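Chemist: Quick one: the structure is below, questions incoming.
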Amino acid sequence: MFESAVARRLVERVTGPVLGPDDDGYAAEVAGFNRIVEHSPAIAVGVRDALEVREVIDFAAEAVIPVAVQGTGHGPSTAAEGTGLLLNTRRMTDVSIDPGARIARAGAGAQWRHVIEAAAAHGLAPLNGSSPLVGVVGYTLGGGLALMSRKYGFAADHVTAIEVVTADARLRIATAEQNEDLFWALRGGKGNFGVVTAIEFGLVPVTQIYGGGLFFPGEAAADVLHGWRSWVETVPDEMSSSLALMRMPDMEPIPEFLRGRLVAHVRVLHLGPADEGERLVKPLREVADAMVDTLAEMPYTRCAEIHNDPTFPIPYHERSVMLRELGDDAAAELLALAGPESGCVDLAVELRHMGGALTRPPAVPNAVDHRDAAFCLSTLALPGPGARPAQVVEGMAAWTTGRRYLNFCAGAEMGALAEEGYGADTYARLRDIKTQYDPDNLFRFNHNIPPRTDA
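To convert, note that position 208 of the sequence shown is 208 in my numbering; the numbers rise steadily by one, no gaps.
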């Protein structure tokens with residue numbers, strides 16, 4: 001624990017809370033959305049702007065205190081504990097839109113729902129993921145596999161500027177023309193290079209979508225999987241989809257038809273007229289009799305209804321691996337691991353269709369290294385007896401690209417796996433840039449890319 005005199009120095013430098021483990025409000029300040037990781041730092045600080053971020057980082061660097069950064073806490077890995085400091089950015093929720101340039105600027109604590117609402121007023125939409133409650137910054141720094149990515153690519157591909165406080169407490173602007181190496185590393189390298197205080201990125205002209213889901217009974221899982229994997233080979237880039245084998249607990253507020261049973265859920269988003277979407281999904285509707293069909297035209301502001309991700313904090317393990325293919329053998333193995341007779345207890349085993357714009361390099365290169373994957377396989381599992389969170393992804397090892405999508409890797413043991421998110425050349429360059437900007441690994445409570453020790 002810090003000496004009181006040291007802590008008082010920090011209190012004098014920020015307007016947000018500065019809390020220790022015995023203080024009221026500490027537990028709420030360190031808690032994130034995914035409770036699988038429990039942070040227990042010596043001190044937690046809530047910041048309100050970039051100036052306060054600089055003050056905190058200057059304090060931490062001077063006192064040699066490692067720093068964790070948390071906005072919403074959807075993808076935690078290494079816990080902040082011991083003498084560490086947790087910097088909470090959730091109060092920095094400012095969002096502005098430049099409709100002429102189709103550019104959004106979001107503060108460090110902004111969630112996608114803030115951007116979706118602001119952009120919709122101008123007939124625009126961001127490249128957000130399945131949950132609008134996820135933080136803009138953390139999601140984008142990890143690459144950002146968006147609902148519309150098959151048409152537009154990764155969210156990181158559309159970033160135009162990043163405002164970041166590095167380990168020397170300097171506020172830097174990273175763009176394609178300024179601090180170019182840092183700009184490359186931040187877009188895909190996650191939170192290893194500093195505290196992002198604001199991010200600017202392109203929006204797309206989308207107001208209406210055709211989307212929703214088809215829910216099939218678990219006994220039809222094999223037919224649905226085989227039908228869906230054949231179907232995705234025929235669809236245009238405007239069609240994005242995923243297939244989840246779900247086992248929801250028997251509890252409210254989960255819809256009754258999902259509780260306590262295996263359900264195959266096909267999630268769909270189509271960028272185009274509703275009649276075209278209806279024509280394209282017709283083969284899916286024919287693979288089996290759906291229990292529930294929610295496919296319809298809707299405003300983009302309702303995009304959360306496609307996946308219906310949880311809206312309340314829970315603890316869950318999250319694992320992922322990128323697949324190069326999903327042929328007959330791979331599909332059979334996945335069914336053996338997660339199908340009706342598998343004994344799998346994971347909440348969800350999901351395949352997201354990649355391809356399209358996700359395979360193409362961005363206009364400004366970045367550190368996102370998943371452009372050769374055909375599918376992203378991810379799993380969610382509750383902790384406790386019988387939980388085997390790694391079983392499915394490890395069982396599919398024969399068909400992987402050898403890489404993980406780190407945004408879908410949550411849990412204390414995931415922090416040491418950053419190298420598995422990148423190819424060898426990309427990871428080597430990331431380590432070089434880490435060594436330049438954070439040689440003492442101040443930012444280490446994350447999917448950590450360590451600096452070189454021989455620099």
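We put the CB at the ideal spot given by N, CA and C, even for glycine. Note that the coordinates shown come from a computational prediction; the quantities given were computed from them, not determined experimentally.
1) Of all the beta strand (DSSP E) runs that stay within the bounds of the stretch 238-286, which reach a length of 3 or more residues?
2) Within 10 angstroms of the Cβ of Gln391, are there 16 or more other Cβ atoms? Answer buried if so, exposed if not.
3) Helix, strand or coil for Met414, going by three-state DSSP, please let me know.
4) What does Cys376 pair with, by DSSP beta-bridge criteria?
5) Distance, Cα to Cα, Phe2 vs Asp168?
6) Please return the same chain residues whose Cβ sits closer than 7 Å to the Cβ of Leu271, not counting the five positions on each side in sequence.
7) Measure from the alpha carbon of Val224 to the alpha carbon of each residue in Pro385, Pro283, Val18 and Arg261, then state which is nearest.
8) With DSSP as the reference, label Ala169 as helix, strand or coil.
9) State buried or exposed for Val64, treating a residue as buried only when at least 16 other CB atoms are found within 10 Å of its CB.
10) Could you give the residue range of the alpha helix (DSSP H) that holds Ser96?
11) Give me the Cβ distance between Ala424 and Arg187, rounded to the nearest whole Å; I'm assuming they're in contact under 8 Å.
12) Which residue spans inside the stretch 41-117 form an unbroken beta strand (DSSP E) run of at least 3?
13) Would you report the Cα separation of Gly144 and Leu10, rounded to the nearest angstrom?
14) How do the stretch 402-414 and the stretch 328-341 stand: do at least 3 beta-carbon pairs fall below 8 Å, yes or no?
15) Taking 8 Å as the threshold, find out whether the stretch 171-185 comes into contact with the stretch 156-163 through three or more Cβ pairs.
16) Report yes or no: do three or more beta-carbon pairs, one from the stretch 343-363 and one from the stretch 384-398, lie closer than 8 Å?
17) By alpha-carbon positions, which one of Gly71, Leu85, Gln70 and Gly75 ends up nearest to Glu62?
18) Once DSSP output is grouped into helix, strand and coil, what is the label at His447?
19) Between which two residues does the beta strand (DSSP E) containing Gly202 stretch?
20) Taking the CB atoms as reference points, tell me whether Met251 and Arg261 lie closer together than 8 Å.
21) With distance defined between alpha-carbon atoms, name the residue in Pro450, Asn446, Thr453 and Asp454 nearest to Gly142.
22) In the DSSP assignment, find the unbroken alpha helix (DSSP H) run with Ala461 in it and report its ends.
23) So for Ile36, helix, strand or coil by DSSP?
24) Can you round the beta-carbon distance between Arg324 and Thr379 to whole angstroms, since I take them to be within the 8 Å contact cut?
25) Whole angstroms is fine: what's the gap from Ala296's alpha carbon to Pro310's?
26) Sort Ala274, Gly384, Phe193 and Val364 by Cα distance to Pro439 and report the nearest one.
27) Using a Cβ-Cβ cut-off of 6 Å (strictly less than) and excluding sequence neighbours within five positions of Glu350, which residues of its own chain qualify?
28) Roughly how many whole angstroms lie between the Cα atoms of Gly32 and Glu419?
Modeler: In this structure, then:
1) Considered as a whole, the stretch 238-286 harbours 239-247 and 262-270 as its complete beta strand (DSSP E) runs of no fewer than 3 residues, in chain order.
2) Taking a 10 Å sphere around the C-beta of Gln391, we find 16 or more other C-beta atoms and assign the residue as buried.
3) In this structure, Met414 counts as helix in the three-state DSSP scheme.
4) Met322 and Arg352, per the DSSP bridge assignment.
5) Low per-residue confidence applies at Phe2: pLDDT is 47, beneath 50, and the placement is therefore not dependable enough to give any value.
6) Counting only Cβ-Cβ distances below 7 Å, and skipping sequence neighbours, we find Met148, Lys151, Val206, Ile209 and Glu238.
7) Nearest C-alpha to Val224 among Pro385, Pro283, Val18 and Arg261: Pro283.
8) In the three-state reduction of the DSSP assignment, Ala169 falls in the coil class.
9) With fewer than 16 other Cβ atoms within 10 Å, it is exposed.
10) From DSSP, Ser96 is part of no alpha helix (DSSP H) but of the beta strand (DSSP E) over Val95 to Asp98.
11) With a contact defined as Cβ atoms closer than 8 Å, Ala424 and Arg187 miss out at about 19 Å.
12) If only uninterrupted beta strand (DSSP E) runs of at least 3 residues are considered, those enclosed by the stretch 41-117 are 43-46, 67-70, 85-88, 95-98 and 103-107.
13) Cα-Cα distance, rounded: 34 Å.
14) Between the stretch 402-414 and the stretch 328-341 there are fewer than three C-beta pairs closer than 8 Å, too few to call the two in contact.
15) With the rule of 3 Cβ pairs closer than 8 Å, the stretch 171-185 counts as touching the stretch 156-163.
16) Touching, per the Cβ criterion.
17) Ranking the options by Cα distance to Glu62, first place goes to Leu85.
18) His447 falls in the coil class under three-state DSSP.
19) Here the beta strand (DSSP E) through Gly202 covers Val195 to Gly202.
20) For Met251 and Arg261, no; Cβs fall outside 8 Å.
21) Comparing Cα-Cα distances from Gly142 to each of Pro450, Asn446, Thr453 and Asp454, the minimum goes to Asn446.
22) For the chain, the structure presents residues 1 to 455; residue 461 sits outside this window and is missing.
23) Three-state DSSP puts Ile36 in coil, outside helix and strand.
24) Contact doesn't hold; Cβ gap of about 18 Å is too wide.
25) If you draw a straight line from the Cα of Ala296 to the Cα of Pro310, it comes to about 21 Å.
26) With distances taken between Cα atoms, Pro439 lies closest to Phe193.
27) Counting only Cβ-Cβ distances below 6 Å, and skipping sequence neighbours, we find Ser242, Ala244 and Ser378.
28) The straight-line gap from Cα to Cα measures roughly 24 Å.
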